[in-house]
Structure formats: structure tokens, C-alpha cells
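Protein chains in written order, with my numbering: chain C, 109 to 248; chain G, 109 to 248.
By construction, the Cβ of each residue, glycine as well, lies at the ideal position given by its N, Cα and C atoms.
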DNA sequence: GTCTTAAATAGGAATTATTCTAATATAGGA
DNA sequence: TCCTATATTAGAATAATTCCTATTTAAGAC
């Protein structure tokens, strides 16, 4: 992943966006925090580490980055949106108890599903992306 | 589905819940409205059709019905929770453009996935349920 | 390096979804 | 019919997100 600032700046710039300190800070926070932070966590991180940033700006930046496909929104059972810096295809494990979300990559499963939808078409629907949400609980 | 009032009352009662007019109205609304209504849509429907109902009650009832497995919460990319009266295993088609959610049942696919996870275990995770979210767009 | 301007941000108010609270009402068993 | 635990009401409170407008700034042009 794009862990250093130069790469982050480059990612933003390549998407045709102005490289502002706020955008860099938000994207850096998402990469550093990992584990699908909320807007709130991102703000907290930025305010702790760096400078001040307006709440509205966080949401603006997140929206912009999402539009450009640099980050993704993550679905949750709760009403708070979360953000994910990994945009390669992957799935999520949702723990009912702890509300943790963990990434789950499984190329074999992807392959099986891709093959399945190659032969089977859904009428009147054009498939872009398939995400699998696996609910259960983490054993410790 | 349980379309008539007698069945709805029975569903609520069998779950060990008191059969109140509000619970009946909410569940009826979910069945009648279909298409995964929001709490707001449910309230609108009830206020139009029947009597008044407190907003807090809608949320209370939805929570209670969800706990008993009579309805399910549906994940969305937006921050508004939606509710589903169908609790048999099924998946959802999400349209990026119209934000419509359509049910998608596919027993063949379920079978493939069930078999897959029979042989492949995810370390430290106990799987309860697998949901597939298919993003794309409806062709008209 | 300076200028220019379209685009971005700040700060705070406004909105929206949801939860909470305490007072009142009621379902359903005794 | 009565009793009581549970549910509902109305409205206040909270939390997440969006909106608004004045100010600032990135980056391309000069």
C-alpha cells in the first residue's frame, strides 16, 4: 500500500485532484489507521497528529476520494459509514459481538463466483462488483 | 408471505411478544410496502393508512422484530437503515444509479458457497451467515 | 517568482436519522 | 375485572452528516 507521503500525493494527483494538505492527511489517516475507520476516527487522528481540520472537509474529502475510487465505503449494520483504503477486490468478516470488521481475501472464492456469473446472467441487471459479507464471530 | 392480519398477529405472538396495534401496523407496512423500506417510509405508510404512531415506537418495534428474527436489517451504502420482511436466505442487487435494492434468490449459488465453506475454514472465525451484495445497474 | 482563478477549506448553522426519558396507557395472564 | 410488566407517547437530546458563505490556496499561466 501507499504508505509514504510521496505516494499519497501521487495517488491524489494522478486522479486529477489538487493535492491539498487536508486530502493528504485524510488519506494518510485511512492507510495508517487501517481497520475501516469512521469519519470521526479519521478526524481524531488528524487532529492529534497534525493540524486542525474542519469536519465538513473530512466528509468532503472522503466523498471525493470515494468518487475517484481511491477509497471505498464499507457497509455496516450500524448507521455509521466506514472507509476502506484497500480497493482491490476483497470481502469482509463482520463480528456480531465486537462489531469488528476484518478484511478477507480469497482469490479462489472470487474465481468461483466470477465463473458462476460468467455462465449465469441476472435478467435486466448489469453486474459491476460482487461483495461477500460474512457474518459470524471471532473466536479468541 | 404473511399478508393478512391474522397471520401477522400470529407471527408476533408466536415470537413471545405482546400483540400491539403498533407492532401489527409496522409489520404489515413492511410486508405491504416491500422493497426494503426505511423507518421513515414505514411511518409515512402507517400515518396515511391507519392511526398515528410515535417515531420512537417505530424504531422500538423494528428493533424488537429484528431481535426475534421476524425482519432483517439491510445494509446500504447510504446511512439510512432499511428493513426486510423476508428472512429466508437471499441476496440483494444494489443499483448504483437508482439506489433501488432488489431481492435476489439463487439456491444454486448458495449451494456452491455452502460447499466451498464446508471444506475451507476461516481461521478464528465462526461463520453464521453469508450474504452476497451484487452492485451494478438495472437495465430498463 | 508572481498573478490569477477555479476549486477547496473553515467554521458554524442546519438537517436528518436515531435514541432517550419520564409519564401514561395497555395486553394479557391471574 | 384487576394487576402489572411491558409498550407507547411526545418531545427533548444526541450523533452523523450536509449545507452555506466567506476566505484561502493549489497549480497553471505569465
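In the structure shown, what three-state DSSP assignment does residue 127 of chain C receive? For this step, residue 127 of chain C is matched to residue 19 along the first chain. Of the three classes helix, strand and coil, the one that applies to residue 127 of chain C here is coil, per DSSP.
Please list, in chain order, the chain G residues whose beta carbon lies closer than 7 Å to that of residue 234 of chain C. Translated into the one-based positions of the first chain, residue 234 of chain C becomes position 126. Those are 244, 245 and 247, listed as they occur along chain G.
Alpha carbon of residue 200 of chain G to alpha carbon of residue 117 of chain G, nearest angstrom: For this step, residue 200 of chain G is matched to residue 92 along the second chain. For this step, residue 117 of chain G is matched to residue 9 along the second chain. Computed Cα separation, rounded: 28 Å.
Which complete beta strand (DSSP E) runs does the segment 159-188 of chain G hold, if anything under 3 residues is left out? 180-182
Beta-ladder partner(s) of residue 139 of chain G, from DSSP: One-based indexing of the second chain puts residue 139 of chain G at position 31. BP columns for residue 139 of chain G are empty, so no partner.
Find the residues of chain G that neighbour residue 170 of chain C, judging by a C-beta separation of less than 7 Å, and give them in chain order. Counting from one through the first chain, the residue named residue 170 of chain C turns up at place 62. Within chain G, no residue comes near residue 170 of chain C; the closest Cβ sits about 12 Å away, beyond 7 Å.
Helix, strand or coil for residue 151 of chain C, going by three-state DSSP, please let me know. The sequence position of residue 151 of chain C within the first chain is 43, counting from 1. Helix.
For residue 151 of chain G, which residues from the same chain have a beta carbon less than 7 Å from its beta carbon, with the 5 sequence-adjacent residues on both sides left out? Stepping through the second chain from its first residue, residue 151 of chain G is reached at position 43. Once the five neighbours on either side are set aside, the close Cβ partners of residue 151 of chain G are 161, 163 and 166.
Assign residue 182 of chain C to one of two classes, buried (16 or more other C-beta atoms within 10 Å of its C-beta) or exposed (fewer than that). In the first chain, the residue the question calls residue 182 of chain C occupies position 74. That one is buried.
Decide yes or no for the touch test of the segment 120-134 of chain G against the segment 219-234 of chain G: beta carbon pairs closer than 8 Å, at least 3 of them. no
Strictly under 9 Å for the Cβ-Cβ distance: is residue 214 of chain C near chain G by that measure? To locate residue 214 of chain C, count along the first chain from 1; it is residue 106. Interface residue, yes.
Would you tell me roughly how many angstroms separate the C-alpha atoms of residue 239 of chain G and residue 239 of chain C, rounded to the nearest one? Locating residue 239 of chain G in the second chain gives position 131, where the first residue counts as 1. Locating residue 239 of chain C in the first chain gives position 131, where the first residue counts as 1. Going by the C-alpha atoms only, they are around 8 Å apart.
Assigned secondary structure, residue 218 of chain G (DSSP; H/G/I helix, E/B strand, else coil): On the second chain, residue 218 of chain G is found 110 positions in, with the first residue counted as 1. Of the three classes helix, strand and coil, the one that applies to residue 218 of chain G here is helix, per DSSP.
Using beta-carbon positions only, say whether residue 244 of chain C and residue 218 of chain G come within less than 9 Å of one another. Sequence index remark: in the first chain, residue 244 of chain C carries index 136 (1-based). Sequence index remark: in the second chain, residue 218 of chain G carries index 110 (1-based). Against a cut-off of 9 Å, the Cβ pair of residue 218 of chain G and residue 244 of chain C comes out as no contact.
Going by DSSP, name the residue or residues bridged to residue 240 of chain C. As a first step, residue 240 of chain C is located in the first chain; it is residue number 132 there, counting from the start. According to DSSP, which records beta bridges pairwise, residue 240 of chain C is partnered with G:240.
Please compile the residues from chain G whose C-beta is within a distance smaller than 9 Å of the C-beta of residue 173 of chain C. Position 65 of the first chain, counted from the first residue, corresponds to residue 173 of chain C. Chain G residues near residue 173 of chain C: none, gap ~15 Å exceeds 9 Å.
Below 8 Å between beta carbons is the criterion; list the residues of the segment 115-142 of chain G that meet it against any residue of chain C, in chain order. none
Close beta carbons around residue 210 of chain C, own chain, < 6 Å, minus the five adjacent residues each side: Along the first chain, one-based indexing puts residue 210 of chain C at 102. Same-chain partners within the cutoff: 201.
Own chain residues within Cβ distance below 8 Å of residue 141 of chain G, not counting five before or after: Taking the second chain and counting its residues from 1, the one referred to as residue 141 of chain G is at position 33. Excluding residues within five positions, the ones whose Cβ falls inside 8 Å are 149, 150 and 153.
Are there 16 or more other CB atoms within 10 angstroms of the CB of residue 241 of chain G, so buried, or fewer, so exposed? Along the second chain, read from residue 1 onward, the residue named residue 241 of chain G stands at position 133. Classification for residue 241 of chain G: buried.
Would residue 113 of chain G be called buried (16 or more neighbouring beta carbons within 10 Å of its own) or exposed? As a working mapping, residue 113 of chain G is identified with position 5 in the second chain. Exposed, because fewer than 16 other Cβ atoms sit within 10 Å of the Cβ of residue 113 of chain G.
Buried versus exposed, by CB contacts within 10 Å (16 or more), residue 145 of chain G: Here residue 145 of chain G refers to the residue found at position 37 of the second chain. Classification of residue 145 of chain G: buried, given that the 10 Å Cβ count is 16 or more.
Assuming residue 247 of chain G and residue 232 of chain C form a contact by the criterion Cβ under 8 Å, report the distance between their Cβ atoms to the nearest whole angstrom. The sequence position of residue 247 of chain G within the second chain is 139, counting from 1. The sequence position of residue 232 of chain C within the first chain is 124, counting from 1. The pair is a contact, with the Cβ atoms about 5 Å apart (cut-off 8 Å).
Should residue 152 of chain G be flagged as near chain C, meaning a C-beta pair shorter than 9 Å? Residue 152 of chain G sits at position 44 when you count from the first residue of the second chain. For residue 152 of chain G, the answer is no, since every Cβ of chain C falls outside 9 Å of its Cβ.
Cα-Cα separation, residue 221 of chain G to residue 223 of chain C: The residue given as residue 221 of chain G occupies position 113 in the second chain. The residue given as residue 223 of chain C occupies position 115 in the first chain. Rounded to the nearest angstrom, the two C-alpha atoms are 13 Å apart.
Chain-ordered neighbours of residue 157 of chain G on chain C, where CB pairs are closer than 7 Å: Taking the second chain and counting its residues from 1, the one referred to as residue 157 of chain G is at position 49. Ordered by position in chain C, no residue passes the 7 Å Cβ test against residue 157 of chain G, which lies about 27 Å from the chain.
Can you name, in chain order, every residue of its own chain whose Cβ lies under 7 Å from the Cβ of residue 212 of chain G, other than the five neighbours on each side? In the second chain, counting from the first residue as 1, residue 212 of chain G sits at position 104. Only 198, 199, 200, 201 and 242 meet the Cβ criterion.
For the candidate residues C:143, C:133 and C:129, whose alpha-carbon lies nearest to that of residue 203 of chain C? In the first chain, residue 203 of chain C corresponds to position 95, counting from 1. Minimum Cα distance to residue 203 of chain C is reached at C:143.
Kindly list, in the order they appear in chain G, the residues whose Cβ is closer than 8 Å to that of residue 238 of chain C. Sequence index remark: in the first chain, residue 238 of chain C carries index 130 (1-based). Ordered by position in chain G, the residues that pass the 8 Å Cβ test against residue 238 of chain C are 240, 241, 242 and 243.
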